[in-house]
Amino acid sequence: GSGKTTFIRETAAKLAGRLRLGVIVGDLATDNDAARLRTAGIPVVQITTGTVCHLDADMVAKAAAQMDLDKLDVLVIENVGNLVCPADYDLGEDLRVVLLSVTEGEDKPLKYPPMFHSAHVAVVTKSDMAAAAGFNRKLALRNLERVSHHARIFELSAKTGDGMKPWLDFLAEQRAA
4 GSGKTTFIRE TAAKLAGRLR LGVIVGDLAT DNDAARLRTA GIPVVQITTG TVCHLDADMV
64 AKAAAQMDLD KLDVLVIENV GNLVCPADYD LGEDLRVVLL SVTEGEDKPL KYPPMFHSAH
124 VAVVTKSDMA AAAGFNRKLA LRNLERVSHH ARIFELSAKT GDGMKPWLDF LAEQRAA
């Protein structure tokens, strides 16, 4: 519910012609997210985990073997959607990104510190819904700073596109580096 799939789909669509993205997506039971991501015209491999609440390096390696990685600039791994289990698993990522939706509340970084502390980037999503959700931006940023003091923070709405440009530029800069 944080907006991961929309965020990734819109990132891929807006970077088309600039960076080539592919996605490995994990979900417990469906391929719904993979189907949504394919609408951006990008390669997607689905991992259905059953009862497992996270992806591990072996799962990702098997999925990556199904992709032509030489044709990608960025491989995104969309882990199973929870803020507990994935924090403890190294998937070989160069950049760990965690999403905090304004609809989830300002306290998520304090409730799930391992996930937020392990992230290089924290993205506050669904900013277009902040007022309706009664989101306290200052408190949320203070909580992120407390737990994720080292992380780069972006605030955006993938749905409206507001705030996406700084994220897209950052991702392109990271890839170039």
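Residue numbers (this note's numbering): 4 to 180. Think of the CB as a built atom: it goes at the ideal place given N, C-alpha and C, for glycine as much as any other residue.
State the Cα-Cα distance for the pair residue i and residue j, rounded to the nearest angstrom.
{"i": "Val-100", "j": "Asp-61", "result": "20 Å"}
{"i": "His-152", "j": "Pro-112", "result": "11 Å"}
{"i": "Ala-146", "j": "Leu-103", "result": "For clarity, residue 146 is Asn in the given sequence; the question names Ala instead. When rounded, the distance between both Cα atoms is 11 Å."}
{"i": "Thr-106", "j": "Gly-84", "result": "15 Å"}
{"i": "Ala-37", "j": "His-123", "result": "24 Å"}
{"i": "Trp-170", "j": "Gly-53", "result": "32 Å"}
{"i": "Ala-98", "j": "Phe-157", "result": "In the sequence as displayed, the identity of residue 98 is Leu instead of Ala. Their Cα atoms are separated by approximately 14 Å."}
{"i": "Ser-160", "j": "Leu-144", "result": "16 Å"}
{"i": "Leu-142", "j": "His-120", "result": "17 Å"}
{"i": "Asp-172", "j": "Lys-17", "result": "11 Å"}
{"i": "Asn-82", "j": "Gly-29", "result": "5 Å"}
{"i": "Arg-12", "j": "Ala-19", "result": "11 Å"}
{"i": "Pro-117", "j": "Ala-125", "result": "13 Å"}
Please list the terminal residues of the continuous beta strand (DSSP E) segment that includes residue i.
{"i": "Leu-144", "result": "Element bounds for Leu-144: not the beta strand (DSSP E) but the alpha helix (DSSP H), 140–150."}
{"i": "Ala-125", "result": "124–128"}
What residue range does the alpha helix (DSSP H) around residue i cover?
{"i": "Gln-177", "result": "167–179"}
{"i": "Asp-30", "result": "Where Asp-30 is concerned, there is no enclosing alpha helix (DSSP H), although the beta strand (DSSP E) it sits in stretches over 24–30."}
{"i": "Thr-51", "result": "Per DSSP, Thr-51 belongs to no alpha helix (DSSP H); it is in the beta strand (DSSP E), 47–51."}
{"i": "Ala-90", "result": "Neither: Ala-90 is in no alpha helix (DSSP H) and is coded neither H nor E."}
{"i": "Asp-36", "result": "35–41"}
In this structure, does DSSP put residue i in helix, strand or coil?
{"i": "Val-58", "result": "It is Leu, not Val, that sits at residue 58 in the sequence shown. The answer is coil: DSSP assigns Leu-58 none of H, G, I, E or B."}
{"i": "Ile-80", "result": "strand"}
{"i": "Leu-113", "result": "helix"}
{"i": "Arg-12", "result": "helix"}
{"i": "Arg-21", "result": "coil"}
{"i": "Leu-98", "result": "coil"}
{"i": "Ser-5", "result": "coil"}
{"i": "Leu-103", "result": "strand"}
Where does residue i land, buried or exposed, given buried means 16+ other C-beta within 10 angstroms?
{"i": "Pro-89", "result": "buried"}
{"i": "Val-87", "result": "exposed"}
{"i": "Gly-25", "result": "buried"}
{"i": "Ala-134", "result": "exposed"}
{"i": "Gln-49", "result": "buried"}
{"i": "Gly-44", "result": "exposed"}
{"i": "Gly-6", "result": "buried"}
{"i": "Glu-176", "result": "exposed"}
{"i": "Ala-66", "result": "buried"}
{"i": "Leu-31", "result": "exposed"}
What do you reckon, is the C-beta of residue i under 7 Å from a heavy atom of the ligand ZN?
{"i": "Phe-10", "result": "In the structure on display, the ligand ZN does not appear, and there are no ligands present to speak of."}
To which residues of the same chain is residue i closer than 8 Å at the C-beta, ignoring the five residues directly before and after it?
{"i": "Leu-72", "result": "Gly-25, Leu-78"}
Kindly indicate if chain D contains any beta-carbon less than 8 Å away from that of residue i.
{"i": "Ala-136", "result": "Of the protein chains in this structure there is only one, and it is not chain D."}
What residues in its chain sit with their C-beta under 6 Å from that of residue i, if we drop five residues either side in the sequence?
{"i": "Phe-138", "result": "Val-105"}
Excluding the 5 residues flanking residue i on each side, which residues of the same chain have their C-beta closer than 7 Å to its C-beta?
{"i": "Met-70", "result": "Gly-25, Pro-46, Val-48"}
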